[in-house]
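S.K.:
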Amino acid sequence: MADSVVITAPPPSRTASLVKSSARFALGGFLIVIWQITVQAGWIDPYLLPAPSAIALRTAQQLVSGSIVSDTLLTLYRAFSGFLLAAVIGISIGTLAARYKLAHWFFDPLVSIGFPAPKIAFMPLFVLWFGLGDQAKIAMVVLSCIFPIISATYLGTASIDRYLIWSARNLGLSQRRIVWKVVVPAALPQILSGLQIAFPLSLIVTVVTEMITAGGGLGGYMIMSAREALSEQVFVGIFVIATVGYVLLAGFDRLRRHLLRWHTETLSGL
Amino acid sequence: MSKILFSGVRKEFPGHGAAPVVALDGIDLAIERDEFVAVVGPSGCGKSTLLYLLGGFLELSGGQILVDGKRVTEPSPERGIVFQHFALFPWKTVLGNVEFGLAERGVGKDERLAIAKRYIDMVKLTGFEETFPNRLSGGMQQRVALARMLACNPDVLLMDEPFGALDAQTRYILQQELLEIWRQQKKTVMFITHDVREAVILAERVVVMTARPGRIKAVLNTKLTADDPRTKIDDLSEEIWSLLREEMALAS
Amino acid sequence: MVTIARRDGAGLLIAANAIGGTLVYYAPVALLLLVWELAARAGWLSAELLPSPEATYAALRDVLASGELAQQAYVSLMRELSGLVSSVIAGAIIGIAMARIEWARLLLRPVITFLYPMPKSALIPILLLWFGLGDMSKIAAVFLGCLLPVVISSYNGARGVDPLLVWSARSLGASKLGVLWKIVLPAALPDILSGIRMALALSWLLLVSAELLLAEKGLGYMIGYYGDTGDYATMFAAIITVILIGAFSDRLFLHLMAWSLRWRTLSS
Numbered sequence: 006m007a008d009s010v011v012i013t014a015p016p017p018s019r020t021a022s023l024v025k026s027s028a029r030f031a032l033g034g035f036l037i038v039i040w041q042i043t044v045q046a047g048w049i050d051p052y053l054l055p056a057p058s059a060i061a062l063r064t065a066q067q068l069v070s071g072s073i074v075s076d077t078l079l080t081l082y083r084a085f086s087g088f089l090l091a092a093v094i095g096i097s098i099g100t101l102a103a104r105y106k107l108a109h110w111f112f113d114p115l116v117s118i119g120f121p122a123p124k125i126a127f128m129p130l131f132v133l134w135f136g137l138g139d140q141a142k143i144a145m146v147v148l149s150c151i152f153p154i155i156s157a158t159y160l161g162t163a164s165i166d167r168y169l170i171w172s173a174r175n176l177g178l179s180q181r182r183i184v185w186k187v188v189v190p191a192a193l194p195q196i197l198s199g200l201q202i203a204f205p206l207s208l209i210v211t212v213v214t215e216m217i218t219a220g221g222g223l224g225g226y227m228i229m230s231a232r233e234a235l236s237e238q239v240f241v242g243i244f245v246i247a248t249v250g251y252v253l254l255a256g257f258d259r260l261r262r263h264l265l266r267w268h269t270e271t272l273s274g275l
Numbered sequence: 005m006s007k008i009l010f011s012g013v014r015k016e017f018p019g020h021g022a023a024p025v026v027a028l029d030g031i032d033l034a035i036e037r038d039e040f041v042a043v044v045g046p047s048g049c050g051k052s053t054l055l056y057l058l059g060g061f062l063e064l065s066g067g068q069i070l071v072d073g074k075r076v077t078e079p080s081p082e083r084g085i086v087f088q089h090f091a092l093f094p095w096k097t098v099l100g101n102v103e104f105g106l107a108e109r110g111v112g113k114d115e116r117l118a119i120a121k122r123y124i125d126m127v128k129l130t131g132f133e134e135t136f137p138n139r140l141s142g143g144m145q146q147r148v149a150l151a152r153m154l155a156c157n158p159d160v161l162l163m164d165e166p167f168g169a170l171d172a173q174t175r176y177i178l179q180q181e182l183l184e185i186w187r188q189q190k191k192t193v194m195f196i197t198h199d200v201r202e203a204v205i206l207a208e209r210v211v212v213m214t215a216r217p218g219r220i221k222a223v224l225n226t227k228l229t230a231d232d233p234r235t236k237i238d239d240l241s242e243e244i245w246s247l248l249r250e251e252m253a254l255a256s
Numbered sequence: 003m004v005t006i007a008r009r010d011g012a013g014l015l016i017a018a019n020a021i022g023g024t025l026v027y028y029a030p031v032a033l034l035l036l037v038w039e040l041a042a043r044a045g046w047l048s049a050e051l052l053p054s055p056e057a058t059y060a061a062l063r064d065v066l067a068s069g070e071l072a073q074q075a076y077v078s079l080m081r082e083l084s085g086l087v088s089s090v091i092a093g094a095i096i097g098i099a100m101a102r103i104e105w106a107r108l109l110l111r112p113v114i115t116f117l118y119p120m121p122k123s124a125l126i127p128i129l130l131l132w133f134g135l136g137d138m139s140k141i142a143a144v145f146l147g148c149l150l151p152v153v154i155s156s157y158n159g160a161r162g163v164d165p166l167l168v169w170s171a172r173s174l175g176a177s178k179l180g181v182l183w184k185i186v187l188p189a190a191l192p193d194i195l196s197g198i199r200m201a202l203a204l205s206w207l208l209l210v211s212a213e214l215l216l217a218e219k220g221l222g223y224m225i226g227y228y229g230d231t232g233d234y235a236t237m238f239a240a241i242i243t244v245i246l247i248g249a250f251s252d253r254l255f256l257h258l259m260a261w262s263l264r265w266r267t268l269s270s
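Protein chains in written order, with this note's numbering: chain A, 6 to 275; chain B, 5 to 256; chain C, 3 to 270.
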């Protein structure tokens, strides 16, 4: 047979891969060690930069007796709610704009202005409207996340290869079923890209809104700790949110890869 | 009655200024049942447009197209189509693609599987049923497209420069396999290509089109038999080439 | 859309068409403004919830005339620029280094992968501890927030450089550093610029957040201040100013991108 399937390179040797995987932690581990040493030796003020050991201890203590667990859950609740709401609204608007010229005409300038603008500037206004509770925060998350989703959905659905649609019609698909059976799957890579931008954004914005309103959650926890000069706790907050963020994004990425396992591999970032 | 009849077919597209672009200006062509006809012409002559009109994807600006005496108004699995860049559904496996039309028709799961497998075997892709298109070479993807179309058992095959995106070796192999399938299955084929030699080798008749606005310049009989001298392919190709050269000189 | 130029009054025709095009494009915004105005007139909006267009406009005029808006805007813009420019330079260097030097990649990549998912806004409290309420905390917020996106897009851009281009340059006598500067950087420019555009939007978010939280000057501070004192019209005027600056800077950057990439052919 003259045709051949795409060939993958042979796996590297055992020792080489062992070295490579432990090298991952090289710089990070090295920096942590230096960090510990410099603080312990007194070269750095432990108020400004607590030692890793102190942070670790404080984290353990907070996990047990502090509010950090419930704060984390609160932040996650707000972020997810905002994200999901933004996804539903954003995908709807995006597909509408791709389908109907009027919708596109209406939303295009709004998105092009809104996308790069710092929507967080509206936060004091939102507090005025919704009070200091969850609603204001979730609303701000929706407002912030919706633009990349609309944009990506529109791009994905508007730029579908017409030959895909024609093939589907040629094989007997009715116009109505084409939306679900062809348009959405074909646009999925783009839609997921938009969601992938919106997802970490939802966390960032939630934390900021919590800080601004001192309204609990991890953001509130951190800003209160800072205002009370409890620097160790601030770092605990950073550590927790970094870990949470890392786990969530890794999970999202896995989900995305699974959903798109049929897609031609694109040049992806780290 | 001819299988396919183009009468006075015209197609216009809206232009940039006031005047529309006339892609096709009065095409009259009859294609008989089980005939293999190729259409060649300079770039932009509208040959693909003609195919898309027959497929029902575009609307006529004038004239009519009849298949089995009935007007063509919309796409149908009875006039199966294969495109140059395969147009496979990338989120479906080979099997998923091939049985797509069958599923649409409501064919039951087991029967679908059996039919799809038969055609996957026919295009020599046995074993690749669960593979996604992104892991297949161009030639293999085009085979899937062929199987997908054939699984619906169309009378008419529409082929839009199907081997244009493939390397020369794969192209040659698939040409032979296409001829095989055509001889065995008995289908009416309309084959668009810019490769003159390919047209001569595959088709019984070759339609040569003019530059835009597209009209039929000439129709040559290119039926080849075992008795023909080896030079016949070259002679026919050269004849068609000289016709095309005239048109390309006009276009530039 | 541009019309074909005619010999008579051609320039006027094209200009009129372009202006007409822009007007049509932004018509939905005008529509919303109209709705806002009508709602205010009909009394549906209490002055607390959403100031009327007149009130906002009046407040805007006042704050412009007094020079306050210009002052605060200047402070914010300076912070923004300092943070952005420094993070772009640092980010591009790191990203390109990672793409071209194997050990840099091995060492830095895991660190970046770990740091990337962290919401940069979480760093704001720390910056408060370290730098207090001055300019530095805002500049640092912008710098840290924009650094990673620029690093990643520079990395991607530099990775994607066609090796044949590099080999051609080397065979024509370019040094290793020369190649980096003259070949890799221009080739990676499209990706880098896209990354900067993203970072730009993020930087405004961080700047405004930081100014809302820990500042005594700047537009973000202005919004918070007037909100606290109940002068909602001025607050809204400040909000609109911030939004417009954010949108406008993006527009400006797009033009800059188009201009610096004008050598790109359609195929790239």
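Where a beta carbon is used, it is the ideal one built from N, C-alpha and C, also for glycine.
Only a predicted model underlies this, so the values are computations on that prediction, with no experimental measurement involved.
With DSSP as the reference, identify every bridge partner of phenylalanine 17/B, one or two as the case may be.
M.R.: Val25/B
S.K.: Under the three-state reduction of DSSP, which class applies to glycine 339/A: helix, strand or coil?
M.R.: This structure cannot settle anything about residue 339/A, because the visible part of chain A is limited to 6 through 275.
S.K.: Three-state secondary structure (DSSP) at lysine 191/B?
M.R.: coil
S.K.: Where arginine 14/B and lysine 227/B are concerned, what is the direct C-alpha to C-alpha distance, given to the nearest angstrom?
M.R.: 29 Å
S.K.: What are the boundary residues of the beta strand (DSSP E) that includes glycine 67/B?
M.R.: 66–71
S.K.: For leucine 55/B, which residues from the same chain have a beta carbon less than 6 Å from its beta carbon, with the 5 sequence-adjacent residues on both sides left out?
M.R.: Same-chain partners within the cutoff: Leu162, Asp164, Ile196.
S.K.: Apart from the five residues on each side of it in sequence, which residues of its chain come closer than 7 Å, Cβ to Cβ, to leucine 272/A?
M.R.: Because leucine 272/A sits at a pLDDT of 35, beneath the cut-off of 50, its placement in the model cannot be relied upon, and the following sentence gives the value as read from the coordinates. So the list is empty, once near-sequence residues are dropped.
S.K.: Strictly below 8 Å CB to CB, what residues from chain A border serine 123/C?
M.R.: The contacting residues are Ile209, Val210, Val212, Val213, Met216, Gly224.
S.K.: Can you pull the DSSP bridge partners for leucine 193/A?
M.R.: DSSP, once it has assigned bridges, lists no residue as partnering leucine 193/A.
S.K.: Taking all protein chains shown into account, do 16 or more other C-beta atoms lie within 10 angstroms of the C-beta of arginine 264/C, making it buried, or fewer, making it exposed?
M.R.: exposed
S.K.: By how many angstroms is the C-alpha of glycine 232/C removed from the C-alpha of isoleucine 73/A?
M.R.: 34 Å
S.K.: Name the residue from Phe61/B, Met5/B, Ala42/B, Ile69/B whose alpha carbon lies nearest to the alpha carbon of isoleucine 31/B.
M.R.: Ile69/B
S.K.: Looking only at C-alpha atoms, which of Ile39/A, Ala219/A, Ala234/A, Asp166/A sits nearest to alanine 2/A?
M.R.: Nothing in the structure corresponds to residue 2/A, since chain A is present only between 6 and 275.
S.K.: Looking at the secondary structure, which residues open and close the alpha helix (DSSP H) in which valine 188/A lies?
M.R.: Element bounds for valine 188/A: n/a, residue is neither H nor E.
S.K.: With a threshold of 8 Å between beta-carbons, can tyrosine 52/A be considered close to chain B, or not?
M.R.: For tyrosine 52/A, the answer is no, since every Cβ of chain B falls outside 8 Å of its Cβ.
S.K.: If the criterion is Cβ atoms closer than 8 Å, does the pair proline 112/C and glycine 33/A meet it?
M.R.: Yes, the Cβ-Cβ distance between proline 112/C and glycine 33/A is below 8 Å.
S.K.: For chain A, find out if any of its Cβ atoms is closer than 8 Å to the Cβ of histidine 89/B; answer yes or no.
M.R.: Output row for histidine 89/B: interface = yes.
S.K.: At the level of alpha carbons, what is the spacing between phenylalanine 238/C and threonine 58/C?
M.R.: Whole-angstrom Cα-Cα distance: 7 Å.
S.K.: Would you mind sorting alanine 240/C into buried or exposed? The rule is 16 or more other CB atoms within 10 Å of its CB.
M.R.: buried
S.K.: Going straight from the alpha carbon of alanine 222/B to that of leucine 28/B, what length do you get?
M.R.: The straight-line gap from Cα to Cα measures roughly 15 Å.
S.K.: Are the beta-carbon atoms belonging to threonine 80/A and glycine 242/A less than 8 Å from one another?
M.R.: no
S.K.: Counting C-beta neighbours from all protein chains within 10 Å, is the total for threonine 20/A 16 or more, i.e. buried, or is it exposed?
M.R.: exposed
S.K.: Starting from aspartate 125/B, trace the alpha helix (DSSP H) both ways and give me its first and last residue.
M.R.: 113–126
S.K.: Can you give me the Cβ contacts of proline 46/B inside the same chain, cut-off strictly under 7 Å, excluding the 5 residues immediately before and after it?
M.R.: Here the set comprises Ala215, Leu248, Glu251, Met252, Ala255.
S.K.: If I follow the unbroken alpha helix (DSSP H) through arginine 107/C, where does it start and stop?
M.R.: 104–117
S.K.: Compare the C-beta of proline 55/A against all C-beta atoms of chain B and say whether one is closer than 8 Å.
M.R.: no
S.K.: At least one CB of chain C closer than 8 Å to the CB of phenylalanine 127/A: is that the case?
M.R.: Yes - at least one Cβ of chain C is within 8 Å of the one on phenylalanine 127/A.
S.K.: Using 10 angstroms around the beta-carbon of threonine 77/A, count the other beta-carbons present and answer buried if the total reaches 16, otherwise exposed.
M.R.: Buried, since its Cβ has 16 or more Cβ neighbours within 10 Å.
S.K.: How many whole angstroms separate the CB atoms of lysine 219/C and valine 77/C, which I take to be in contact at a CB cut-off of 8 Å?
M.R.: 5 Å
S.K.: Please classify tyrosine 27/C: is it buried, with 16 or more other beta-carbons within 10 angstroms of its beta-carbon, or exposed?
M.R.: exposed
S.K.: Report the neighbours of leucine 1/A on chain C: residues whose CB is nearer than 9 Å to its CB, in chain order.
M.R.: Residue 1/A lies beyond the range of chain A shown here (6 to 275); nothing can be said about it.
S.K.: Please compile the residues from chain B whose C-beta is within a distance smaller than 7 Å of the C-beta of threonine 269/A.
M.R.: Result: Asn138.
S.K.: Would you report the Cα separation of lysine 259/B and cysteine 49/B, rounded to the nearest angstrom?
M.R.: Nothing can be reported for residue 259/B, as the shown portion of chain B is limited to 5 through 256.
S.K.: In this structure, how does DSSP classify glycine 218/B when only helix, strand and coil are distinguished?
M.R.: strand
S.K.: Let me know the secondary structure DSSP gives phenylalanine 40/B once reduced to three states.
M.R.: strand
S.K.: On a Cα-Cα basis, can you pick out the residue from Val43/B, Val76/B, Gly12/B, Ile85/B that is closest to glutamate 202/B?
M.R.: Closest option to glutamate 202/B, Cα to Cα, is Val43/B.
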